[in-house]
Amino acid sequence: MTMETPTARVRGLGSAQEGAEHWWTERLTSIATFALFVWAIISVVRMGSLDYHTVTEWLREPLAAVPMLLLIVATFWHLKLGLQVVVEDYVHEEGNKFFTIALLNFFVVIAAAFALFAVLKIALGTPG
Numbered sequence: 378m379t380m381e382t383p384t385a386r387v388r389g390l391g392s393a394q395e396g397a398e399h400w401w402t403e404r405l406t407s408i409a410t411f412a413l414f415v416w417a418i419i420s421v422v423r424m425g426s427l428d429y430h431t432v433t434e435w436l437r438e439p440l441a442a443v444p445m446l447l448l449i450v451a452t453f454w455h456l457k458l459g460l461q462v463v464v465e466d467y468v469h470e471e472g473n474k475f476f477t478i479a480l481l482n483f484f485v486v487i488a489a490a491f492a493l494f495a496v497l498k499i500a501l502g503t504p505g
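So for the sequence shown, my numbering puts the first residue at 378; every next one is plus one.
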């Protein structure tokens, strides 16, 4: 039994069938971010010295650079998903909602690109 009218069913009005996917993706990115953040904290604590040379040498190791890149991607993806939900819930005018989500996506992509570039520049740079 459905709560839709036959006309609404024909027009395709109703759920976009994307809510569960968004919800699951947000949960998975939060788990990934948490696990990778725990790894980052443990790695930094085990490093001992936090001077520039030690940190850059550590980040040049593939076993440090790859998880750091994954942490950046998971964190910014989770940020985008969470802020998108806030915008969808609290911005009611469709034009403003579209503009705000587009602006949000733009800034998240730019910030993530800068962070990824910084890690890759260190990871692929020449040993110093």
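Cβ atoms here follow ideal geometry from the backbone N, Cα and C, with glycine treated the same way.
{"Asked": "State the DSSP-derived secondary structure class of aspartate 466, mapped to helix, strand or coil.", "Found": "helix"}
{"Asked": "I need the boundaries of the alpha helix (DSSP H) containing serine 426, first residue and last residue.", "Found": "Taken as a continuous stretch (DSSP letters only), serine 426 belongs to no alpha helix (DSSP H), as it is neither H nor E."}
{"Asked": "Evaluate lysine 457 with the Cβ neighbour count: other Cβ atoms within 10 Å of its Cβ, from every protein chain shown; 16 or more gives buried, anything less gives exposed.", "Found": "buried"}
{"Asked": "If you draw a straight line from the alpha carbon of alanine 487 to that of glycine 425, how long is it in whole angstroms?", "Found": "Here residue 487 is isoleucine; the residue named in the question, alanine, does not match the sequence. C-alpha separation (whole angstroms): 32 Å."}
{"Asked": "Taking the alpha helix (DSSP H) that glutamate 438 falls in, what are its first and last residues?", "Found": "Per DSSP, glutamate 438 belongs to no alpha helix (DSSP H) and is neither H nor E."}
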